[in-house]
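And the structure:
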C-alpha cells in the first residue's frame, strides 16, 4: 500500500494494529503507531483503543496509558479499552479509579468492570455494581451482565437476589437468552433449588453444551444421580457431544448412587468412544465412586495407576471414605500423602482423629487433636456465606463479628447436643 503511494486513512491503522496484536508483532505495531503519529491519526477514535489493547497485551501498561492520555476527546470506547487494559494486567484499583472518573458509561464498560470484580472473586462488588446500574436508569443490563451477576449469586448463595434477577430477565425479554438461562440453572442448583433449575431447563427452546452440563452437574450435586444419568443419555440422543465437564457430572452421579460398573464404563468410554483424555477430576470421581462403595483397596490401586500426581482432593476423598468404612490402614496412607501435599489443613487431622476414635486408639486421637489445634492457629480460617433477608452474610471459622454472635453459638450448641442424643439413640437401637 505504501509502495503504491496510497495514503492510509482513519480505518487503516486500527486494522494494522489489531493484526499486530493478534500475532504478537509488537515491534511492527510500534512502527504502525509511529506512522499514525506522523499521519496525524494518533488520537483517532479507532486507533486509540487498538493501540491500548496492543500495549496492554504485552504488559506495557504505561505505554497504553500514554496513548489514552493523548486522546483529546475520550469516548466510551477508549475508556472501556483502558479499564480493560488495567484489569488484564491485574490492577483492579487503577481500573476502578478510571471507571469512577467518567460519567460516559455504557453497558460494555459496566460489564468490563464487573468482569474485573468477578476475576478477583469480589462477588459482593459484582452485586453492588449491578445495583448501581439499576439505580442509574440510563444503562440497561444485557445478557452478559445478567449471566455474570447470576454467577456471583451462585458463589454467594444469594438465592433471593438470583430470583429477582430471574424476574428482571423475564420482564425485559432476556429469559430466552441461552447464557442467561444457563446462569439461572447454575444459580438455582448451587442455591439448593434444583426443581427451579429443572423448570428453567425444561422451558428452554434452545440448549447448548453448557446447558446440559449445568443440569447434569446440578442433579448429581443434589443426589439425583439417576435423573442425571437419564439426562446424560437424553443429551447424547439429542446429538450433543459430551466433553470433559459432562463426564465429571456423569461420574459424580454414578458415585452418588453407587453405580460402580456404570461409572467405570463411562470412564472408559471417555477415551475409547470420545477420544477424551481424562483429567485429574475424572480420576477423583472414580476414586470417590470406589471409596463410597467400600472398595478401598481397589481405590488405592486405581490411584497408584494414575498417569498424573494425585492431588489433595483425591486423597481427601479416600480419607473421608475411610471414616465411613473404618479402615485405619488406608486412612493412615491417605493422611501420609495429605501431610506432604497440604500439611496446614487441620480438617484432615480431625477426620483421622475420628477414625482413630472409632477404633478405640485414644492416644492417637489426642495426638491428632493436638496437631489439628496447632495447624488451625496457622491457617487462614475457612468461610462461607448465606443470604438472610436479602442480605448476604459471611461467616468465618470461630467468627465473633456478627451482631447476633451469642444467638448463633447458642443455636449451634443446641444442635450439637441434639446430634449427640441422636447418635446415642442409634447406638442404643443397635444394642437392642
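Numbering (full-length UniProt numbering), first residue to last: 1 to 432. By construction, the Cβ of each residue, glycine as well, lies at the ideal position given by its N, Cα and C atoms.
For residue i, which three-state DSSP category applies?
i           : result
residue 179 : helix
residue 166 : helix
residue 93  : helix
residue 377 : In this predicted model, residue 377 has a pLDDT of only 47, less than 50, meaning its place in the structure is not dependable; the value taken from the coordinates is given anyway. Three-state result, residue 377: helix.
residue 193 : coil
residue 49  : helix
residue 18  : helix
residue 13  : helix
residue 88  : helix
residue 103 : coil
residue 241 : coil
residue 309 : coil
residue 213 : helix
residue 172 : coil
residue 205 : coil
residue 270 : helix
residue 54  : helix
residue 111 : helix
residue 121 : coil
residue 79  : helix
residue 432 : Legend: pLDDT at residue 432 = 39, less than 50; position of this residue unreliable, value from coordinates given subsequently. Here residue 432 sits in coil by DSSP.
Just the Cα atoms here: how many angstroms apart are residue i and residue j?
i           : j           : result
residue 191 : residue 38  : 58 Å
residue 102 : residue 134 : 18 Å
residue 221 : residue 213 : 12 Å
residue 410 : residue 195 : 33 Å
residue 356 : residue 216 : 37 Å
residue 67  : residue 84  : 14 Å
residue 306 : residue 315 : 13 Å
residue 233 : residue 247 : 12 Å
residue 112 : residue 359 : 56 Å
residue 137 : residue 129 : 13 Å
Take residue i as the anchor and find which of the options has the nearest alpha-carbon.
i           : options            : result
residue 24  : 12, 47, 53, 48     : 53
residue 144 : 330, 259, 175, 354 : 175
residue 60  : 284, 296, 91, 306  : 91
residue 148 : 173, 140, 114      : 114
residue 188 : 152, 207, 172, 205 : 152
residue 337 : 311, 327, 346      : 311
residue 173 : 140, 161, 201, 202 : 140
residue 252 : 238, 240, 267      : 267
residue 28  : 45, 40, 51         : 51
residue 451 : 320, 363, 361, 125 : The question about residue 451 has no answer here: the residues shown for the chain are numbered 1 through 432.
residue 374 : 349, 363, 364, 361 : 349
Among residues of its own chain, excluding the 5 on either side of residue i, which ones have a beta-carbon nearer than 7 Å to its beta-carbon?
i           : result
residue 299 : 287, 290, 291, 318
residue 377 : Its pLDDT being 47, under 50, residue 377 is placed unreliably by the model, and the measurement read from it follows with that caveat. Once the five neighbours on either side are set aside, residue 377 has no close Cβ partner at all.
residue 183 : 146, 147, 150, 151
residue 313 : 284
residue 249 : 213, 216, 217, 220, 228
residue 89  : 56, 59, 61
residue 226 : 257
residue 364 : 356
For residue i, which residues of its own chain have a beta-carbon under 6 Å away from its beta-carbon, when the five flanking residues on both sides are left out?
i           : result
residue 155 : 123
residue 142 : 107
residue 223 : 256
residue 437 : What is shown of the chain runs 1 to 432, which leaves residue 437 out entirely.
residue 208 : 178
residue 63  : 55
Does any heavy atom of the ligand COA sit closer than 7 Å to the C-beta of residue i?
i           : result
residue 359 : Summarising the ligand content, the structure contains no ligands, and the ligand COA is consequently not present.
If I measure Cβ to Cβ from residue i and keep anything under 8 Å in the same chain, skipping five residues before and after, which residues do I get?
i           : result
residue 262 : 229, 254
residue 204 : 178, 181, 211
residue 361 : 328
residue 260 : 254, 289, 290, 293, 295
Along the chain, which unbroken stretches of the alpha helix (DSSP H) at least 4 residues long are found entirely within the stretch 312–380?
312–325, 328–341, 346–358, 362–378
Note down, one range per segment and in chain order, each alpha helix (DSSP H) of at least 4 residues found wholly within the stretch 136–160.
143–156
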